[in-house]
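Per numbering that gives the first Met the number 0, residue 0 is the first one in the sequence shown, and the count goes up by one each step.
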Amino acid sequence: MTITHADLAQFTGTSQWFRHALVRTVLYTDGIQFLAERANAYWLLDKIATLQLDPKIGAEPFQVWKLEVADNIGALTCNDGGKPEHGGAARLLHFEEITTPTSRSTRSRSGWKTA
Numbered sequence: 000m001t002i003t004h005a006d007l008a009q010f011t012g013t014s015q016w017f018r019h020a021l022v023r024t025v026l027y028t029d030g031i032q033f034l035a036e037r038a039n040a041y042w043l044l045d046k047i048a049t050l051q052l053d054p055k056i057g058a059e060p061f062q063v064w065k066l067e068v069a070d071n072i073g074a075l076t077c078n079d080g081g082k083p084e085h086g087g088a089a090r091l092l093h094f095e096e097i098t099t100p101t102s103r104s105t106r107s108r109s110g111w112k113t114a
């Protein structure tokens, strides 16, 4: 199913937190749940949740995750959103290439939280 920017724009903040099934300290928003259900992207939730076990990533309270896909190859990145104490430039926390079964492009900036 195709998800539009308008579909995701309806989510600001959250009305309900969801606990990740494998990494129980990870909570995520109803916007992330919507994305996982509609795009069949639970694999992405699992990937991001397990990466929270990396001390460099898990210690960062604000994370911006981005998945870009072209020709069935995806790039998953995480940064800290660009903090003033880092000169306003986003500090890269994670990068990896992922081979995907589809060429759909999904971008999300949303609420991950560690309990």
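Using N, Cα and C, we set each Cβ at its ideal position, and we do this for glycine too.
Helix, strand or coil: how does DSSP classify residue i here?
i, result
"H19", "coil"
"T49", "helix"
Could you pull the DSSP bridge partners for residue i from this structure?
i, result
"A69", "I72"
At which residues does the alpha helix (DSSP H) containing residue i begin and terminate?
i, result
"L34", "D29 to A38"
"A5", "H4 to A8"
"P54", "P54 to G57"
My assumption, with CB atoms under 8 Å, is that residue i sits in contact with residue j. Please give the rounded CB distance.
i, j, result
"T49", "K65", "About 18 Å separates the two Cβ atoms, so there is no contact after all."
"I97", "G73", "4 Å"
Over the uninterrupted beta strand (DSSP E) stretch that includes residue i, give me the two end residues.
i, result
"I97", "L91 to T98"
- request: Inspect the CB distances between the stretch 28-38 and the stretch 11-18 and report whether three or more fall short of 8 Å.
  value: The count of Cβ pairs closer than 8 Å, one atom from the stretch 28-38 and one from the stretch 11-18, reaches three, so the stretches are in contact.
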